[in-house]
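**Student:** Just dropping this structure here.
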Amino acid sequence: MGIYYIDGKRFYQSLSAGIRRLLSRQDYLNKINVFPVPDGDTGTNMGFTMSAVESSFNIEDNVSISQAAEGISELTINNARGNSGAILAQFFTGFSEGVKDKYKLTPLEFSHALQIAKQYSYDALMKPKEGTILTVISDWINAIHKVSSNITDFKKLLTHGLNEALISLSETPKKLDVLSKAGVVDAGAQGFVNILEGINNFIHRGIVEERTTEAIIETPSVIESISFNEKYRFCTECLISGNDLDRSKLKSKLTEWGDSIVVAGSNSRMKIHIHTDQPKKVIHMCQTFGTVSDEKADDMIRQQHDAHGIHQEIAVLVDSGCDLPEDILRKYNIHMIPVRLNFGPEHFVDKMTITSGEFWERLETNPHHPQTSQPTPGDFLRQYQLLSSHYKQAVSIHIPANLSGTYQSALLA
Numbered sequence: 013m014g015i016y017y018i019d020g021k022r023f024y025q026s027l028s029a030g031i032r033r034l035l036s037r038q039d040y041l042n043k044i045n046v047f048p049v050p051d052g053d054t055g056t057n058m059g060f061t062m063s064a065v066e067s068s069f070n071i072e073d074n075v076s077i078s079q080a081a082e083g084i085s086e087l088t089i090n091n092a093r094g095n096s097g098a099i100l101a102q103f104f105t106g107f108s109e110g111v112k113d114k115y116k117l118t119p120l121e122f123s124h125a126l127q128i129a130k131q132y133s134y135d136a137l138m139k140p141k142e143g144t145i146l147t148v149i150s151d152w153i154n155a156i157h158k159v160s161s162n163i164t165d166f167k168k169l170l171t172h173g174l175n176e177a178l179i180s181l182s183e184t185p186k187k188l189d190v191l192s193k194a195g196v197v198d199a200g201a202q203g204f205v206n207i208l209e210g211i212n213n214f215i216h217r218g219i220v221e222e223r224t225t226e227a228i229i230e231t232p233s234v235i236e237s238i239s240f241n242e243k244y245r246f247c248t249e250c251l252i253s254g255n256d257l258d259r260s261k262l263k264s265k266l267t268e269w270g271d272s273i274v275v276a277g278s279n280s281r282m283k284i285h286i287h288t289d290q291p292k293k294v295i296h297m298c299q300t301f302g303t304v305s306d307e308k309a310d311d312m313i314r315q316q317h318d319a320h321g322i323h324q325e326i327a328v329l330v331d332s333g334c335d336l337p338e339d340i341l342r343k344y345n346i347h348m349i350p351v352r353l354n355f356g357p358e359h360f361v362d363k364m365t366i367t368s369g370e371f372w373e374r375l376e377t378n379p380h381h382p383q384t385s386q387p388t389p390g391d392f393l394r395q396y397q398l399l400s401s402h403y404k405q406a407v408s409i410h411i412p413a414n415l416s417g418t419y420q421s422a423l424l425a
């Protein structure tokens, strides 16, 4: 029996199957992650971005494709992590725009919506690079577009698209030297193909994979010799909310502070991703555009060490309430999740957008008494997932539950 239309429920069910496939492969994606930097977190970031769709979206029988796509777009923007995660979020934002006010889609209408999604995906990047997830997205959409006028069955359409996506994936090493040297395909592109594989398995055989991680296929040892030569150290992200946000102006401003820039979302909510040496200044600049939340700054040198360096079997994780000096954190390879704090209307991320010295200065001069809020369970979940990809065990150490809610967040994750 063929599938001749997709509505909101069918779209969500199929995508959920794709997400399950992605989650089962995220450790492998971390292992083959060498571009744009070999920091070993592509699988974790893509998984975190997409898992919110499955866990947080409530689908009803009569939901339209427009409603489903809008909800999925919002969830992926709010939860986007990493370069590939931000691109995926922008892809779904474009798709949502392409299906606006529609209840269901034919293959031809689906193809037209994907064309908009492709344009949005490229527009998110300051300098789009071929041989990445963008290339596979583009080749998959182009393949579907070429046959959508003649194929009325989504099963046949998506099978054709997957076959072309697999070919495109296999050719990514020919387009990026770093992939060729490492002997791997692009991790973000592989993750996108995994989503397509899960969708195809579902529509043909009704298979939805369990939330388990497959055994890691052996990866080329040359990956471990790929050196970190990134110009900038911190992978910095935040969510900006406001009215009539100017994407072009924001991207232009971001170029002053770093590269690997991705700006995903709508004119009311944008997720920014940038590699920089000045995360605090980037966050402060973003605050001039709107209300900033969900800030983070990952140390990519530390991440590369976790992914490819020689380290102990057990990882130690603390929050910034532990207040260990930076040299001690580095010496003993201790990982830290920052606490959030505010002085009145001013919000900060401990040790990221405010230093200890700046904190004491504000304590003496600011009329507002500082307040703190613990890291969210989502903050801990992402860190646990990342550490579990590179260590056999992880120990999370925090002050007692009767003194801080951080302990409870760590447990809930």
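When you line the sequence shown up against my numbering, it's residues 13 to 425, in that order. For glycine and all other residues, C-beta sits at the position ideal for the given N, C-alpha and C. Nothing here was measured: the structure is a model prediction, and the numbers come from that model.
1) Spatial neighbours of His157 within its chain, please: CB distance less than 6 Å, with the 5 preceding and 5 following residues excluded, ordered by chain position.
2) Between the stretch 289-303 and the stretch 19-26, are three or more C-beta pairs nearer than 8 Å?
3) Quick one: residues in its chain with C-beta nearer than 6 Å to the C-beta of Ile71, no 5 flanking neighbours on either side, listed in chain order?
4) Take Gln324 as the anchor and find which of Ile18, Ile128 and Lys343 has the nearest alpha-carbon.
5) Buried or exposed, going by whether 16 or more other CB atoms sit within 10 Å of the CB of Glu376?
6) Need the endpoints of the beta strand (DSSP E) that Asn354 sits in, please.
7) Please determine, among Leu188, Met58 and Gly14, the residue with the shortest C-alpha to C-alpha distance to Thr7.
8) With a threshold of 16 other CB atoms inside 10 Å of the CB of Ser108, please say whether the residue is buried or exposed.
9) What ranges does the alpha helix (DSSP H) occupy inside the stretch 53-137, keeping only unbroken runs of at least 4 residues that lie completely in it?
10) Under 8 Å by Cβ, that's how I've got Asn95 and His285 pegged, so tell me the actual separation to the nearest angstrom.
11) Out of Ile31, Val49 and Tyr40, state which residue places its alpha-carbon closest to the alpha-carbon of Val65.
12) With contact counted as at least three CB pairs below 8 Å, one residue from each stretch, are the stretch 394-410 and the stretch 327-336 in contact?
13) Roughly how far, in whole angstroms, is the beta-carbon of His402 from the beta-carbon of Gly143, given that I think they are within contact range, below 8 Å?
14) Three Cβ pairs or more, each shorter than 8 Å: is that satisfied between the stretch 253-272 and the stretch 126-144?
15) I think Met58 touches Gly203, with their Cβ atoms under 8 Å apart; what is that distance to the nearest whole Å?
16) What do you reckon, is the C-beta of Val148 under 7 Å from a heavy atom of the ligand SAH?
17) Straight-line CA distance for Val361 to Gln383?
18) What are the boundary residues of the beta strand (DSSP E) that Thr300 is part of?
19) Can you tell me which residues form a DSSP beta bridge with Gln386?
20) With the cut-off set at 8 Å, would you say Gly97 and Thr61 are in Cβ contact?
21) Classify Arg217: buried if its beta carbon has 16 or more other beta carbons within 10 angstroms, exposed otherwise.
22) Compare the C-alpha of Leu398 against each of Asn45, Thr88 and Ile252 and name the closest.
23) Beta-carbon separation of Val148 and Ser180 under 8 Å?
24) Using the rule of at least 16 other Cβ atoms within 10 Å of the residue's Cβ for burial, across every protein chain shown, is Ile340 buried or exposed?
25) Do you know how far the Cα of Arg37 is from the Cα of Ser182?
26) Answer yes or no: do Thr88 and Phe104 have a C-beta to C-beta separation smaller than 8 Å?
27) Return the first residue and the last residue of the alpha helix (DSSP H) that Asn37 is part of.
28) Exposed or buried, what is His359 when buried is set at 16 or more other beta-carbons lying within 10 Å of its beta-carbon?
29) What residue range does the beta strand (DSSP E) around Glu142 cover?
30) Since Leu174 and Glu209 should fall inside the 8 Å C-beta cutoff, what is the C-beta to C-beta distance between them, to a whole number of angstroms?
31) Could you tell me which residues DSSP pairs with Phe360 in its beta bridges?
32) In the DSSP output, which residue or residues are listed as bridge partners for Pro247?
33) If you draw a straight line from the C-alpha of Arg281 to the C-alpha of Val196, how long is it?
34) Go through its chain and collect everything with a Cβ distance to Gln79's Cβ below 8 Å, but skip five positions before and after it.
35) Could you name the residues of the same chain whose beta carbon sits closer than 6 Å to that of Ser237, not counting the 5 residues immediately before and after it, in chain order?
**Tutor:** Looking at the coordinates:
1) As a working note, residue 157 is residue 145 in the sequence shown. Closer than 6 Å at Cβ, skipping near neighbours: Ser123.
2) no
3) Locating residue 71 in the sequence shown gives position 59, counting from the first residue. The answer, listed in chain order, is Lys21 and Tyr24.
4) If you number the sequence shown from 1, residue 324 lands on position 312. Of Ile18, Ile128 and Lys343, the residue nearest in Cα terms is Lys343.
5) To locate residue 376, count along the sequence shown from 1; it is residue 364. Exposed.
6) Residue 354 sits at position 342 when you count from the first residue of the sequence shown. Start and end: Arg352 to Phe355.
7) In this structure the chain extends from 13 to 425, so residue 7 is not present and cannot be described.
8) Residue mapping note: residue 108 aligns to position 96 of the sequence shown, counting from 1. Answer is buried; the Cβ neighbour count reaches 16.
9) 54-68, 77-91, 94-110 and 119-135
10) The count along the sequence shown starts at 1 and reaches residue 95 at position 83. The count along the sequence shown starts at 1 and reaches residue 285 at position 273. Indeed they touch by this definition, with Cβ atoms about 6 Å apart.
11) Position 53 of the sequence shown, counted from the start, is the residue given in the question as residue 65. With distances taken between Cα atoms, Val65 lies closest to Ile31.
12) yes
13) As a first step, residue 402 is located in the sequence shown; it is residue number 390 there, counting from the start. As a first step, residue 143 is located in the sequence shown; it is residue number 131 there, counting from the start. With a Cβ gap of about 25 Å, His402 and Gly143 do not count as contacting.
14) yes
15) Position 46 of the sequence shown, counted from the start, is the residue given in the question as residue 58. Position 191 of the sequence shown, counted from the start, is the residue given in the question as residue 203. The Cβ separation is near 4 Å, so the contact holds.
16) Only the bare structure without any ligand can be found here, which leaves the ligand SAH out of the picture.
17) One-based indexing of the sequence shown puts residue 361 at position 349. One-based indexing of the sequence shown puts residue 383 at position 371. Approximately 12 Å, taken between the alpha carbons.
18) Counting from 1 along the sequence shown, the entry for residue 300 is found at position 288. That residue, Thr300, is in no beta strand (DSSP E); it is neither H nor E in DSSP.
19) As a position in the sequence shown, residue 386 is number 374, starting the count at 1. Paired residues: none, contrary to the question.
20) Here residue 97 refers to the residue found at position 85 of the sequence shown. Here residue 61 refers to the residue found at position 49 of the sequence shown. The answer is yes: Cβ separation under 8 Å.
21) To locate residue 217, count along the sequence shown from 1; it is residue 205. Result: exposed.
22) For the purposes of this step, residue 398 is taken as the residue at position 386 of the sequence shown. When each option's Cα is compared against that of Leu398, the closest is Asn45.
23) The residue given as residue 148 occupies position 136 in the sequence shown. The residue given as residue 180 occupies position 168 in the sequence shown. In contact: Val148 and Ser180 (Cβ atoms closer than 8 Å).
24) Against the sequence shown, residue 340 aligns to sequence position 328. Classification of Ile340: exposed, given that the 10 Å Cβ count is below 16.
25) Numbered from 1 along the sequence shown, position 170 holds the residue referred to as residue 182. Numbered from 1 along the sequence shown, position 25 holds the residue referred to as residue 37. One C-alpha to the other measures close to 17 Å.
26) Taking the sequence shown and counting its residues from 1, one reaches residue 88 at position 76. Taking the sequence shown and counting its residues from 1, one reaches residue 104 at position 92. Yes; because the gap between Cβ atoms is below 8 Å, this pair is in contact.
27) Within the sequence shown, the letter at position 25 stands for residue 37. Rather than Asn, the amino acid found at residue 37 in this sequence is Arg. First-last for Arg37: undefined, no H or E at that position.
28) If you number the sequence shown from 1, residue 359 lands on position 347. Looking at its Cβ environment, which holds 16 or more other Cβ atoms inside 10 Å, His359 is buried.
29) Looking up residue 142 in the sequence shown gives position 130. Neither: Glu142 is in no beta strand (DSSP E) and is coded neither H nor E.
30) Position 162 of the sequence shown, counting from 1, holds the residue named residue 174. Position 197 of the sequence shown, counting from 1, holds the residue named residue 209. Indeed they touch by this definition, with Cβ atoms about 7 Å apart.
31) Numbered from 1 along the sequence shown, position 348 holds the residue referred to as residue 360. Looking at the DSSP assignment, Phe360 forms a beta bridge with Leu353.
32) Sequence index remark: in the sequence shown, residue 247 carries index 235 (1-based). The question names Pro, but residue 247 is Cys in the sequence shown. Its beta-bridge partners are His287 and Asp310.
33) Your numbering for residue 281 matches position 269 in the sequence shown. Your numbering for residue 196 matches position 184 in the sequence shown. Near 35 Å, if we compare the C-alpha coordinates of Val196 and Arg281.
34) As a first step, residue 79 is located in the sequence shown; it is residue number 67 there, counting from the start. Excluding residues within five positions, the ones whose Cβ falls inside 8 Å are Gly20.
35) In the sequence shown, the residue the question calls residue 237 occupies position 225. For Ser237, the predicted model reports a pLDDT of 49, less than 50, meaning its position is unreliable; a value from the coordinates is still stated below. Hits under 6 Å: none found.
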